[in-house]
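Residue numbers (this note's numbering), protein chains in the order written: chain A, 919 to 1184; chain B, 427 to 687. Glycine residues also receive a C-beta, built at the ideal position from the N, C-alpha and C atoms.
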C-alpha cells in the first residue's frame, strides 16, 4: 500500500544555492527551446521565472520533477545530480519532497475534492482514514476552502480548482513548491487572491518556491528574485526594482511589449 | 511502378511490426509492474466493476440475440435432414467454442476498450497522468496495470454469462419451434459439450482481455493533440482492438485444436 519512506533532502542553510541549472539545452523537432540556461535557486526564496508564452519556462521546471530531461547540461538539487537519475523509483524519492502545481490544476476528475487532496497521503503515508480526513481538512483550510471535500472538481470555479490543486500539492509537506502559471486563465481579482495565498504560504510554510509566469503583477507581488527567460537563456536575474531599472533591451521589450510590437511594425 | 508498390508495402510492414513491438513492450511493462508492490487491489476491483459489471447488460443482450438467431437460421437446415433436435448441440457448441468468447470480446472492445482509451487520453491531455507521476505514484501500475488485469479477469466471467445466455436463446427456439422439452434440450446441450470445448474458449478470453486492456491503455496513454487526439485514440483503440481480437482468434483456435484435437 505505501512506498518506502523517502530520504529527507539535506537542505543547505537559507540563502545558499539549493537548485543549480548549468548550461541546460533542450530542443523539440530540431527547434531549440533552451539554449544554455544557467540559474541558481536559493534555499528559502521565491524565485519567479518570467518569460513569454512558449519561452520554455515550464520545460525548465518540469526537469526538476523528471517530466522532461535536458538534452545537455546539469541540474543539481541539494547536491543530487538530477540528470544522473535513471529510474522512476529514484525520481519518486525526490518527488515526495517537492510539490508541483500544474497550470490547468490537473485535478483527478474521477475523484472528489477530498480524494484528490488525500491521494498522495493514501499512497505515501501510513495513516488511518480519520487522520487522512483531518489532514485533508487542514490543507483545504490552508488554501481558504471549507466543506468542499465531497464535491466533484468540475463543480468548482477555476480559482477554487487551483486552490484544491495547491492543497493537494501541500499534502505531503514538500520542501520545494513549483508553481506553473498559477494565475493563468483566471480573472485579475482571483489571480490576486492566488498570489496572496502563495505569499502567505511562503511565510507560514518556510519552503523554497519557484513560480513560472508571464504575469508581471503576480511576479512583482510574490517574487524575492525574478529571472527573465528570453530566447532560450536567462537574460536577467535580480529583484523587482532591479528589473524595472534594468537597461537590458530584452528586459525592456518584455516590460513594454507594446513599444516592441510598434517598433517591429507588428 | 512495381518498386513503388513494394516500397509502400515494405513501409506498412515496418510500421506494423514497429506498432506491434511497442504494444508488446507496453504490455510487458504494465504486466510486470503488477508483480511489484504497492498493490492496488481496490483499484482492480473498481475497474472490474466499471469494465465488467457495467458491460454485462450489453453482453447479455448480444449473446441472447445471437443464440436466438443462430437457432432460427439453423433449425430449417437441420429439418431437411431430420436432425432438428440437434439444434441444442449446435447452439451450445457454437456458443461455448467460438461465439461466446469472440462476441463478448467485441462487445467489451466497443464499450470498455473505448472507455479506457478515452479516459486515459483525457487524463493525458489535462496532465492528470503527469500529476500522478509527480505525486510519486506510477501511472503504468495504478492506471494501466489495474485496467489490464481487470480486463483479463473479467472477460472469462462475461464469456461464461454470454455462453449461458446464448444457449438460452437457442432453447427458446428449441422449445417453441422444434417442440423439445426443456429437460431434453438441456440434456442434448450437455451431451456433447466436454471440458475440451469449454476450457480453450475460456482461456482465449484471457488473451482477448489482455489485448483489449493493452490496446485501450496504449492508445489512451500516448494521446497527443488535445481533445482531437482523444477522439483519434478512442477510434484507434476500438478498430485495432477488434481486429487484433479477430486475428488472434484464428491463431488461438488453431493452437487449441492442436492441443485438444
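Q) Name the DSSP beta bridge partners of residue 960/A, please? A) According to DSSP, which records beta bridges pairwise, residue 960/A is partnered with 935/A.
Q. So who's on the other strand from residue 945/A, going by DSSP bridges?
A. Looking at the DSSP assignment, residue 945/A forms a beta bridge with 950/A.
Q. Is the beta carbon of residue 535/B less than 8 Å from the beta carbon of residue 668/B?
A. Their beta carbons are under 8 Å apart, which means residue 535/B touches residue 668/B by this criterion.
Q | Residues that residue 1004/A contacts on chain B, provided the C-beta gap is smaller than 7 Å | A | Residues of chain B passing the Cβ test: none, with the nearest at roughly 15 Å.
Q.
Helix, strand or coil for residue 1017/A? Go by DSSP, reduced to three states.
A. It is a strand residue.
Q. When the distance is taken between beta carbons, is residue 1139/A closer than 8 Å to residue 1145/A?
A. Result no, Cβ atoms of residue 1145/A and residue 1139/A do not sit closer than 8 Å.
Q.
Counting only Cβ-Cβ distances shorter than 8 Å, please list the residues of the segment 1022–1053 of chain A near chain B, keeping chain order.
A. So the list reads 1022, 1024, 1025, 1026, 1027, 1028, 1037, 1038, 1041 and 1042, given in the order they occur along the chain.
Q. For chain A, is any of its Cβ atoms less than 8 Å away from the one on residue 509/B?
A. Any Cβ of chain A closer than 8 Å to the Cβ of residue 509/B would place that residue at the interface, and such an atom is absent.
**Q.** residue 991/A: first and last residue of the uninterrupted beta strand (DSSP E) it sits in
**A.** 990–995 is the extent of the beta strand (DSSP E) around residue 991/A.
Q. Of all the residues that make up the segment 929–961 of chain A, which are near chain B by a beta-carbon distance shorter than 8 Å?
A. Answer set for the segment 929–961 of chain A: empty.
Q.
Please report the distance separating the alpha-carbon of residue 1011/A from that of residue 1150/A.
A. Spanning the two alpha carbons is a distance of roughly 30 Å.
Q.
Beta-carbon within less than 8 Å of residue 935/A's beta-carbon, same chain only, minus the 5 sequence neighbours each way: which residues are those?
A. Spatial neighbours of residue 935/A in its own chain (CB-CB distance under 8 Å, excluding positions within 5 residues in sequence) are listed in chain order as 958, 959, 960 and 961.
Q | Candidates 1158/A, 1030/A and 1152/A, of which the one nearest residue 1168/A by Cα | A | Out of 1158/A, 1030/A and 1152/A, 1152/A has the C-alpha closest to the C-alpha of residue 1168/A.
**Q.** Meets three-Cβ-pair contact criterion under 8 Å: the segment 449–460 of chain B and the segment 642–660 of chain B
**A.** With the cut-off at 8 Å, the segment 449–460 of chain B and the segment 642–660 of chain B touch.
Q. Would a check of beta-carbon distances place residue 692/B closer than 8 Å to chain A?
A. Missing from the structure shown is residue 692/B; chain B here goes from 427 to 687 and no further.
Q: Check residue 1177/A in the structure and name its three-state DSSP category.
A: Bear in mind that a pLDDT of 47 at residue 1177/A, under 50, signals an unreliable position, so the model cannot answer this.
Q. Would residue 493/B pass as a contact of residue 517/B if the rule is Cβ separation under 8 Å?
A. In this structure, residue 517/B lies closer than 8 Å to residue 493/B by Cβ.
Q: Would you mind stating whether residue 1049/A and residue 1099/A have Cβ atoms separated by less than 8 Å?
A: Contact annotation: residue 1049/A and residue 1099/A have beta-carbon atoms that are not nearer than 8 Å.
Q. Since residue 859/A meets chain B, which of its residues come closer than 8 Å, beta carbon to beta carbon?
A. Past the boundaries of the shown model lies residue 859/A; chain A is included only from 919 to 1184, so the question cannot be answered.
Q. Just how far apart, CA to CA, sit residue 433/B and residue 547/B?
A. Cα atoms of residue 433/B and residue 547/B: separation of roughly 33 Å, rounded to the nearest angstrom.
Q) Candidates 1126/A, 1165/A and 1173/A: which alpha carbon is nearest residue 1135/A's? A) Answer by Cα proximity: 1173/A.
Q. If you measure from the beta carbon of residue 556/B to each beta carbon in chain A, is any gap under 8 Å?
A. Closer than 8 Å to some Cβ of chain A, the Cβ of residue 556/B qualifies, so yes.
(Q) Please tell me whether, using a cut-off of 7 Å, the distance from the CB of residue 1004/A to the nearest non-hydrogen atom of the ligand NAD is below it. (A) In terms of ligand content, the structure shown is empty, and the ligand NAD therefore cannot be addressed.
Q | Nearest-angstrom Cα separation, counted from residue 615/B out to residue 564/B | A | In this structure, the straight-line span from the alpha carbon of residue 564/B to that of residue 615/B is close to 48 Å.
Q.
On the CB-based measure, 16 or more other CB atoms within 10 Å of its CB, does residue 922/A come out buried or exposed?
A. Because residue 922/A carries a pLDDT of 43, less than 50, the predicted location of this residue cannot be relied on, and the following value inherits that uncertainty. With fewer than 16 other Cβ atoms from the protein chains shown falling within 10 Å of its own Cβ, residue 922/A counts as exposed.
(Q) Using 8 Å as the threshold, is the C-beta distance between residue 490/B and residue 592/B below it? (A) Closer than 8 Å, so yes.
**Q.** Cross-chain neighbours of residue 552/B in chain A, by beta carbon under 8 Å
**A.** Among the residues of chain A, those whose CB is under 8 Å from the CB of residue 552/B are 1022, 1024 and 1027, following chain order.
Q. Between residue 581/B and residue 631/B, which are expected to be in contact by the criterion C-beta below 8 Å, what is the C-beta distance as a whole number of angstroms?
A. Contact between residue 581/B and residue 631/B holds: CB atoms are separated by about 4 Å, below the 8 Å threshold.
Q | Straight-line Cα distance separating residue 428/B from residue 673/B | A | Roughly 28 Å between the two C-alpha positions.
Q: Establish whether the CB of residue 1149/A and some CB of chain B are separated by less than 8 Å.
A: When Cβ-Cβ separations below 8 Å define contact, residue 1149/A makes no contact with chain B.
Q: Please determine, among 685/B, 686/B and 656/B, the residue with the shortest C-alpha to C-alpha distance to residue 540/B.
A: It is 656/B whose Cα lies nearest to the Cα of residue 540/B.
**Q.** Coil, strand or helix - residue 612/B by DSSP
**A.** DSSP, reduced to helix, strand and coil, places residue 612/B within a helical segment of the structure shown.
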